[in-house]
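Residue 321 in this note's numbering sits at position 321 of the sequence shown, and the numbers go up by one each step. Please read the structure below before turning to the comments.
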Amino acid sequence: MPSLHWIGKEKVINHHHDIPFKVLNKQYTFNADDENHYNESKIIHGDNLEALKALLPEYEGKVKCIYIDPPYNTGKDAWKYNDRVEHPTIKKWLDHVVGKEGEDLSRHDKWLCMMYPRIKLLQKLLSKDGVIYISIDDHEVFNLKLILNEIFGLNNFIGNIIWETATDHNPRQISVEHEYVLCYAKNKTLQKEWFTKSQAAETIQSKYDDLKVKYLSDTIKIQAELRKWIKSNKSKLNLVEHYDNVDQKGVFHDADVANTKFGGYAYEILHPTTGKPCKIPEKGFRFPEETMKSLIANDDIMFGDDENTLIKPKKRIENVKDRLRSVVYEDGRASTKDLESMFQKEIFKNPKSETVVRRLISFCTDSNSIILDSFAGSGTTAHAVLNLNQQDGGNRKFILIEMEKYAESITAERVKRVINGYANKTGTGGSFSYYSLGESLFTGENNEYLNEAVGIDKIRNYVWYSETRSPLLNDIHIDHPFLGKHQGTAYYLLYHAKEFSSLDYQTLETINIQADQYIIYADNCLLSKEFLLNHHIIFKKIPRDISRF
1 MPSLHWIGKE KVINHHHDIP FKVLNKQYTF NADDENHYNE SKIIHGDNLE ALKALLPEYE
61 GKVKCIYIDP PYNTGKDAWK YNDRVEHPTI KKWLDHVVGK EGEDLSRHDK WLCMMYPRIK
121 LLQKLLSKDG VIYISIDDHE VFNLKLILNE IFGLNNFIGN IIWETATDHN PRQISVEHEY
181 VLCYAKNKTL QKEWFTKSQA AETIQSKYDD LKVKYLSDTI KIQAELRKWI KSNKSKLNLV
241 EHYDNVDQKG VFHDADVANT KFGGYAYEIL HPTTGKPCKI PEKGFRFPEE TMKSLIANDD
301 IMFGDDENTL IKPKKRIENV KDRLRSVVYE DGRASTKDLE SMFQKEIFKN PKSETVVRRL
361 ISFCTDSNSI ILDSFAGSGT TAHAVLNLNQ QDGGNRKFIL IEMEKYAESI TAERVKRVIN
421 GYANKTGTGG SFSYYSLGES LFTGENNEYL NEAVGIDKIR NYVWYSETRS PLLNDIHIDH
481 PFLGKHQGTA YYLLYHAKEF SSLDYQTLET INIQADQYII YADNCLLSKE FLLNHHIIFK
541 KIPRDISRF
């Protein structure tokens, strides 16, 4: 498979392992009293590379959907992440990681150096059946696809969505009116068929139900009025406006019975009125005879006036599935106006469309999924998640990461207003907790020391995660050395910030958990190797043997 090389790649390809593990400090929880909508959604203010690493203990392998809108690298300075990748945080990081080579990097090299380790961590956070969407334009789409192929695997590429936006009225050569959304799966073989209920189809069904009350079983009058209504409401019935026939079972559209190529099925069907064999399509029928008999028995075949008219299968409105198409249209100016109506002023340039992001999320998540956006910007992804929960009664959780100073004043504030309601929009309900990035768990030039300042609870969570790759869920008091039991192994952390801990016979007397094996962390061990082996105990020295990842 072709691969992409750029200046600095060898310095960043495994850099995600070297990112210091920082703890997350909760600043406040918004709307926690809303018991009907409470969940631990998060908004994190801080560098997204460090924040992604900080999420691993709780969320590795648990995020169902990621949507990110990274900088497009257009070369324009006035942009939220600075397209030249000259943001002070990124520059400092490049200087530190890439070194002197960084002075020779083109803006494409810098962009790739910035994106690669972030995508590596995003992939770790995705669940086995998770999906990632990445918005991008022509400046980096081809480079991005190559590194996504490298990290996710070409076989996990799902598709490239063309997102048509506003018209370019001042083109130099070609009027560029679109951007892209690349879509990859963690494991494509685990993806089910993607479809949702068609809102447009449900609108037609609702109108039919009203007409049925009005005209009872008079299908001729129902059909006539339904067709008039559909004609005057075509704009909101995209892709289903042809469902305009009515029979006693409901609304349908007359489909094609012919096979798509020569060699279809050929058999005799008698016309119900004339009793003569109906016309057979030139390419044959698309259904086998048994299926056709079942369709006729269920009144799902439409016959013509006589046998000379091709029969047609009835596609029922209630069976319409909404599919995610490879081309979507949404004028970005509508998103800007919606944000302006929320804040009563222009506060953010080029926000992404909430309706498009909501649509993307709806196809690959269920009601309890976790959705992550590590380039949160104005908070569109959280807005989309909250609206989707309101739409289908779900309890999806969002995690937003924003490095800029407006993380609270714009990103979090927008989410608050969506929850409470704004302008003429009803509030969705919901809640979230706001976090900042705290100190590193380890200190020293080579991360050789534990940072006691982060607190014992953070250390316990980290040790448990490093062993089990799962979050620490039990309610054991933080002063108790027992962490938990996982797959037959009991884990203990004998750690006290101001005291030296030893694994000895006295300590063993306090252990009353039955397990196949014991892993015990302490500063020192006074038991013999033979004793440890005979009693299925593994000693790990603090902090030396605590994994760094």
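For every residue, glycine included, the Cβ atom is placed at its ideal position computed from N, Cα and C.
According to DSSP, is residue i helix, strand or coil?
i      : result
GLY455 : coil
GLU277 : Per the sequence shown, residue 277 should be read as Pro rather than Glu. DSSP places PRO277 in strand when its eight states are reduced to three.
ASP83  : Any reading at ASP83 needs caution, since the residue's pLDDT is 41, under 50, leaving its predicted position unreliable; the model's value is listed next. Coil, per DSSP.
ASP77  : Reliability of the predicted coordinates at ASP77 is poor, the pLDDT of 48 falling under 50, and the value obtained from them is presented with this limitation in mind. Residue state, collapsed to three classes: coil.
PHE157 : strand
ARG172 : coil
TYR550 : Since the displayed the chain opens at 1 and closes at 549, residue 550 lies outside it and no answer follows.
SER502 : strand
VAL320 : coil
TYR518 : strand
ASP545 : coil
TRP163 : strand
VAL415 : helix
LYS11  : helix
MET302 : strand
ASN48  : helix
LEU437 : strand
LEU270 : strand
TYR449 : strand
VAL246 : strand
GLU509 : coil
ASP373 : strand
ASP109 : helix
HIS5   : coil
VAL240 : coil
ALA255 : coil
HIS496 : strand
LYS405 : coil
ASN461 : helix
ILE537 : strand
Beta strand (DSSP E) containing residue i: first to last residue?
i      : result
VAL181 : 178–185
ALA423 : First-last for ALA423: undefined, no H or E at that position.
LEU126 : 126–136
LEU493 : 489–493
PHE398 : 397–402
LYS64  : 63–68
TYR568 : Within the shown structure, residues of the chain are numbered from 1 to 549, placing residue 568 beyond reach of any answer.
Can you give me the start and stop residues for the alpha helix (DSSP H) that residue i sits inside?
i      : result
PHE638 : Any property of residue 638 remains undetermined from this structure, which presents the chain solely from 1 to 549.
ASN143 : 141–152
GLY264 : It is not in any alpha helix (DSSP H) - GLY264 carries neither H nor E in the DSSP assignment.
PHE482 : Counting along the chain, PHE482 falls outside any alpha helix (DSSP H), though it belongs to the beta strand (DSSP E) covering 482–486.
THR336 : 332–343
VAL213 : 199–215
VAL385 : 380–392
LYS221 : 219–232
GLU193 : No alpha helix (DSSP H) holds GLU193; DSSP gives it neither H nor E.
ILE311 : That residue, ILE311, is in no alpha helix (DSSP H); it is neither H nor E in DSSP.
ASN534 : 529–534
LYS293 : 289–297
Inspect the beta-carbon positions of residue i and residue j and report whether they are closer than 8 Å.
i      : j      : result
ILE371 : THR355 : no
ASN48  : ARG118 : yes
ALA515 : GLY484 : no
ARG548 : ASN461 : no
SER206 : GLN248 : no
LYS186 : SER127 : yes
SER436 : SER41  : no
PRO481 : TYR492 : yes
THR426 : SER378 : no
ARG414 : ALA384 : no
GLY263 : PHE285 : no
SER374 : ARG396 : no
GLY444 : VAL23  : no
Would you please state the rounded distance, in angstroms, between the beta carbons of residue i and residue j? I believe it to be under 8 Å.
i      : j      : result
TYR208 : LEU237 : With 8 Å as the limit, TYR208 and LEU237 do not qualify as a contact, their Cβ atoms being about 13 Å apart.
ILE147 : LEU112 : 7 Å
LEU386 : VAL418 : 5 Å
PRO281 : ASN259 : 7 Å
LYS458 : LEU473 : Going by Cβ atoms, the distance from LYS458 to LEU473 rounds to 15 Å, so no, they are not a contact pair.
Cβ contact (3+ pairs, closer than 8 Å) linking the stretch 322–331 and the stretch 253–267:
No, because fewer than three Cβ pairs between the stretch 322–331 and the stretch 253–267 fall closer than 8 Å, the two stretches do not touch.
Evaluate contact between the stretch 229–246 and the stretch 269–289, counting only Cβ atoms and requiring at least three cross-stretch pairs below 8 Å.
Short answer: they don't touch.
Quick one: any contact between the stretch 287–305 and the stretch 181–190, if contact means 3 or more CB pairs under 8 Å?
Touching, no, given that fewer than three Cβ pairs across the two stretches are closer than 8 Å.
Is it true that the stretch 400–411 meets the stretch 41–56, where meeting means three or more beta-carbon pairs spaced less than 8 Å apart?
These segments touch.
Report yes or no: do the stretch 282–295 and the stretch 340–349 share at least 3 C-beta pairs separated by less than 8 Å?
As far as the Cβ criterion goes, the stretch 282–295 does not touch the stretch 340–349, which means the pair count is below three.
Touching by the beta-carbon criterion (3+ pairs, under 8 Å), the stretch 143–159 and the stretch 307–317:
Output reads no: the stretch 307–317 does not touch the stretch 143–159.
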